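Since the structure comes first, as structure tokens, the remarks are kept for the end.
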Amino acid sequence: MATSQEGVQAEPTPLPNHLSFLELPGEIRNIIYDYTLNTHQPYQVPRRTGVPQNTGYKVYALNQQIFNESYSLMKYNATAYIPLLSGMAIDKIFTDICDEKWAQIPPVAVTLLQALRNWRNVHIHLHVPDLDLHTNRYLLQRLDSVMKILSAGKNSDPRKWGGKKKTVLLHLDHYFADNWKSEFSFLPSVVLFTIVRQMGKMDQVNWTIAYYIHAGTDNSPLSARWGVDRVNEFSELRRMRRDYNNINIRPEIYGEGEWKHLQFPPDFLDVVTNEISEASEQWPSYGVELHGEEGALRRAAARNAVN
16 MATSQEGVQA EPTPLPNHLS FLELPGEIRN IIYDYTLNTH QPYQVPRRTG
66 VPQNTGYKVY ALNQQIFNES YSLMKYNATA YIPLLSGMAI DKIFTDICDE
116 KWAQIPPVAV TLLQALRNWR NVHIHLHVPD LDLHTNRYLL QRLDSVMKIL
166 SAGKNSDPRK WGGKKKTVLL HLDHYFADNW KSEFSFLPSV VLFTIVRQMG
216 KMDQVNWTIA YYIHAGTDNS PLSARWGVDR VNEFSELRRM RRDYNNINIR
266 PEIYGEGEWK HLQFPPDFLD VVTNEISEAS EQWPSYGVEL HGEEGALRRA
316 AARNAVN
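Quick look at the structure:
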């Protein structure tokens with residue numbers, strides 16, 4: 016038995032072939048909990064003066080209090096990031112929960128549900144790694160499933176956050192970019208319109224719809240046709256949300272092409288930005304490379320151009 020008063024020093028890296036505590040079988044973890052908390056002891060609640068409290072239980076209660084306080088702060092102030100990819104089986108989460116198949120629910124699904132139900136600020140991002148419509152055509156179906164979670168019960172009730180409304184950023188990435196329009200079929204357009212209508216009816220939520228616009232890699236002035244396409248895209252989204260006051264639109268332009276000489280309507284210029292979502296650093300995004308050092312330089316240059 017070690018007698019040093021300095022304690023065991025933490026290893027700088029995890030030991031190879033060693034399991035973490037949560038990787039132990041549930042039966043083993045239950046034995047550890049039972050031993051530590053001494054659950055067979057007849058606890059006296061409330062505890063009488065002079066009766067010592069179980070040490071393990073005191074540690075448990077302290078950790079629970081710290082968790083409750085810190086998690087409440089995170090749910091109110093932090094932003095939960097939810098990436099949506101075509102392969103996500105979000106609908107299956109509901110089936111597994113109803114069937115109580117807890118072991119089949121992956122941790123990322125639990126995180127997704129917690130964020131949608133309990134966090135006040137949420138960023139939902141459609142990730143389009145390429146132009147393969149065979150897979151990306153399912154993105155809006157995944158988004159529709161997410162909308163059902165947000166609208167269910169009290170998941171977006173302002174009373175959960177002291178009367179403050181939930182704020183949700185829906186980022187369409189390049190799914191709404193011009194190079195999609197020629198291949199954007201009737202069905203996805205209808206689904207997107209239906210989703211925007213769902214958003215508008217959830218008047219207890221403040222929404223922002225953002226989407227990327229690629230200005231090309233050549234720093235020469237862009238054509239008037241390019242500007243017309245941008246206005247048409249913006250007008251299409253604005254038409255979808257015209258009956259609702261809780262939805263804002265934010266086009267995000269990136270790239271080297273010069274576009275500020277073009278004539279745009281004031282309502283477009285009021286909301287367009289050169290800011291690029293930092294999510295593109297870690298998740299796939301079609302278009303000019305936005306990752307790593309080059310992506311950081313592009314974002315810095317874009318911010319300077321706006322300022």
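Numbering of the sequence shown is given in this note's numbering, commencing with residue 16 and proceeding in unit increments. Don't be surprised by glycine CBs; every beta carbon is placed ideally from N, CA and C. Quantities reported herein were computed from a predicted structural model and do not represent experimental measurements.
Check, Outcome
"Could you round the C-beta distance between Tyr226 and Asp188 to whole angstroms and report it? I think they count as a contact, below 8 Å.", "7 Å"
"Since Trp222 is in the alpha helix (DSSP H), which residue starts that stretch and which ends it?", "It is not in any alpha helix (DSSP H) - Trp222 instead sits in the beta strand (DSSP E) that spans Val220 to His229."
"Does Leu185 come out as helix, strand or coil in the three-state DSSP assignment?", "strand"
"Considering only their Cβ atoms, is the gap separating Leu99 from Tyr75 smaller than 8 Å?", "no"
"Look at the Cβ atom of Gly168, then the Cβ atom of Gly231, and state whether they are nearer than 8 Å.", "no"
"Quick one: using the 10 Å Cβ neighbour count with 16 as the cut-off for buried, is Tyr96 buried or exposed?", "buried"
"For a test of the three-state rule: what should DSSP assign to Glu273, helix, strand or coil?", "strand"
"Let me make sure I understand the geometry here. Which of Thr126, Met217, Ile120 and Arg265 has the alpha-carbon closest to that of Asp258?", "Met217"
"Rounded to whole angstroms, what's the CA-CA distance from Arg265 to Thr94? Just pull it up for me.", "18 Å"
"Output the residue ranges of the alpha helix (DSSP H) runs that lie fully inside the stretch 52 to 113 and measure 4 residues or longer, sorted by chain position.", "70 to 92 and 105 to 113"
"Please state if the CB of Val211 and the CB of Leu155 are separated by a distance shorter than 8 Å.", "no"
"What are the partner residues of Thr288, as DSSP defines its beta bridges?", "Glu267"
"Out of Asp233, Ile224, Pro236 and Val125, which has the shortest C-alpha to C-alpha gap to Tyr249?", "The residue asked about is misnamed: residue 249 is Phe in this sequence, not Tyr. Among Asp233, Ile224, Pro236 and Val125, the Cα nearest to that of Phe249 is on Ile224."
"Could you pull the start and end residues of the beta strand (DSSP E) that Ile139 belongs to?", "Asn136 to Leu141"
"Residues in the same chain with beta-carbon distance under 7 Å from Tyr91, minus the five sequence neighbours each way, listed in chain order, please.", "Arg135 and Trp176"
"Taking C-beta to C-beta, are Ile228 and Leu184 nearer than 8 Å?", "no"
"The alpha helix (DSSP H) that contains Met217, what's its start and end?", "That residue, Met217, is in no alpha helix (DSSP H); it is neither H nor E in DSSP."
"Leaving out five residues on either side along the sequence, give the residues of the same chain with a beta carbon under 6 Å from the beta carbon of Leu327.", "Not covered by the structure: residue 327. The range shown for the chain is 16 to 322."
"In angstroms with no decimal places, state the Cα-to-Cα distance between Asn261 and Pro173.", "14 Å"
"Among Thr70, Thr64, Asp244 and Glu293, which residue has its Cα nearest to the Cα of Tyr48?", "Thr70"
"Count the other CB atoms, across all protein chains shown, that sit within 10 Å of the CB of Ser235; report buried if there are 16 or more and exposed otherwise.", "exposed"
"For Pro67, collect the residues of the same chain with a Cβ closer than 6 Å to its Cβ; drop the 5 residues on either side in sequence, then sort them by chain order.", "none"
"At what residues does the alpha helix (DSSP H) containing Arg235 begin and finish?", "Here the sequence assigns Ser to residue 235, which means Arg is not the residue at that position. Looking at the DSSP string, Ser235 is not in any alpha helix (DSSP H), and its letter there is neither H nor E."
"DSSP state of Ile262, grouped into three classes?", "strand"
"Do you know how far the Cα of Thr126 is from the Cα of Pro40?", "21 Å"
"Would you kindly report the start and end of the unbroken alpha helix (DSSP H) that includes Ala130?", "Pro122 to Asn133"
"With a 10 Å radius around its C-beta and 16 neighbouring C-beta atoms as the bar for buried, classify Arg44 as buried or exposed.", "exposed"
"If you compare alpha carbons, which of Arg157, Ser204 and Val220 is closest to Lys15?", "The structure shown does not extend to residue 15, since the chain is modelled only from 16 to 322, so the question has no answer here."
"Would you report the Cα separation of Arg254 and Phe283, rounded to the nearest angstrom?", "13 Å"
"Find out if the Cβ-Cβ distance for the pair Ser292, His186 is shorter than 8 Å.", "yes"
"In the structure shown, what three-state DSSP assignment does Asn45 receive?", "helix"
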